[in-house]
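Residue numbers (the working numbering): 21 to 193.
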């Protein structure tokens, strides 16, 4: 939601305390330039030129990046850094550039578990606990479907399907 250029992304960024630095925060989360986020480049694999451009822009905005990091809650910083490290390991170990999707899905699962556990600990009614469990399992099911689609996309069958389908219908996970 934060990466979205719609008002939803801006609202979420304000809730996190980054306010006017919404665009920079979205770039930091996505590891993409603003042009890539607002254009059609999000589904494309980062090329060497994209990485160099991102590094140049990041270097020029170090003071602003530092301010954004001061506004973001420490727990979120830990999650973002862990995700970044795991994504780097995944991309290094796998021959394909997977863009860390598998790592993101695993990280999302652990975050959902922590959130559900926290809500269950605060819940005082059985009905509320049932709703929390139900929501948690529905989200887990959605993640499993995404993970299955992701791994299929890495196979030769999935890559062939992506070539056949028009780009507007293809799911770029």
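Every residue, glycine too, gets a C-beta built ideally from N, C-alpha and C.
What you are looking at is a predicted structure, and each value in this text was computed from that prediction instead of being measured.
Assignment of alpha helix (DSSP H) within the stretch 66-92, counting only whole runs of 4 or more residues, yields 68-80 and 82-91 in chain order. Going by beta carbons, residue 152 and residue 160 fall outside the 8 Å limit. Assigned with DSSP and collapsed to three states, residue 101 falls in helix.
With distances taken between CA atoms, residue 85 lies nearest to 40 out of 58, 95, 40 and 124. Bounds of the alpha helix (DSSP H) holding residue 58 are 54-58. Burial check for residue 105: the Cβ neighbour count within 10 Å stays below 16, so the residue is exposed. Counting C-beta pairs closer than 8 Å gives three or more between the stretch 86-93 and the stretch 41-52, which meets the contact rule.
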